[in-house]
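The opening residue of the sequence shown carries number 368 in my numbering; numbering runs sequentially from there.
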Amino acid sequence: MRLLFEVLARLPLPVLHGLGGAMGVLSLLRPRHRALLRANLASAGLADRVSLVAVAAALGRGFMELPAVWLRPLDQAIGLIREIHGQEHLAAAQARGKGVLLLAPHLGCWELGGLWFSANYPVTALYRPPPQAWAHELMKAGRERGLATTVPPDRSGVKALLGALKRNEAVFILPDQVANKGDGVWAPFFGRPVYLPALPYRLASATGAAALVMVCERLPHGRGYRLHITPLDELPDAPEAAAARTHAEIERFVRTMPTQYLWSYRIFRRHKKAPPPPPEFPAP
């Protein structure tokens, strides 16, 4: 598989996105996959506004762009970013001197957004190995470039994240991963309750770190990417309120580029170890 990725990494981005789009559309032939996309779009209230075919094509592009992101030389990979909006917010966050919490949802090419940051600044990120050995090798090597460090999602990893923030460095977290050990927090997302990690908000409360949402938007026709950085000013100390603020900002971004969200992810599911949602939420 690595050899295949190395070959694909040499192809121009428009070709990768063209192949990926076709592959994504073909994936709709799988009934389970098609049903999952429909269910998630319906849960978000977008089923009547977003084309299932467009969503599937975007998912395919997201997969096929990974060889270019992980295996091209660092300068070539981050050179795919054509525009950066909001870099002044990053400078302001760093000037506070309490660390930077980068929250990158499963939207657009989040892998490239993290890579851009690590090419310029020290950043520490949690890393949970995927079940496939080939994917683990490629993903870990792709993410540990530049000034990036990955740490395990356990106590030692959390300690490393705290240390990075205290050194006024950055921590990179995917805030919309379903919490799977009862260590999450309920908050609304598209009007539905989702149980997502409380860790980023506890880190912000413990250190005073500035929180930013970072989204790497995929431009049409393989033209590259547009990086967005927006601040989450003064997150509340309560994880529930902080999560609600963050989810609202993520939702705002998703509504501007709805096909680019990872709708194949079971974000609306409830893990068996999660407590029941608060009574003010409808049943998930």
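Every residue, glycine too, gets a C-beta built ideally from N, C-alpha and C. These numbers come from a predicted model, not from an experiment.
Judged by DSSP in its simplified three-state form, PRO381 adopts helix. Per DSSP, VAL436 is one residue of the alpha helix (DSSP H) stretching across 433-438. Per DSSP, GLU455 is one residue of the alpha helix (DSSP H) stretching across 454-462.
Here ARG522 is exposed, its C-beta having fewer than 16 other C-beta atoms within 10 Å.
Close CB contacts of PHE484 within its chain, under the 6 Å cut and outside five residues either way in sequence, are with VAL490 (chain order). For LEU579, the three-state secondary structure derived from DSSP is strand.
The beta-carbon separation of LEU393 and ARG405, rounded to 17 Å, does not stay under the 8 Å limit for a contact.
The beta carbon of ALA500 is closer than 7 Å to none in its chain, skipping five residues each way along the sequence.
Around the CB of GLY475, 16 or more other CB atoms lie within 10 Å, so the residue is classed as buried.
If you draw a 10 Å sphere on the C-beta of ASP543, you find 16 or more other C-beta atoms in it, and that means buried.
Under the 8 Å Cβ criterion, the region 631-642 counts as touching the region 556-576, having at least three qualifying pairs.
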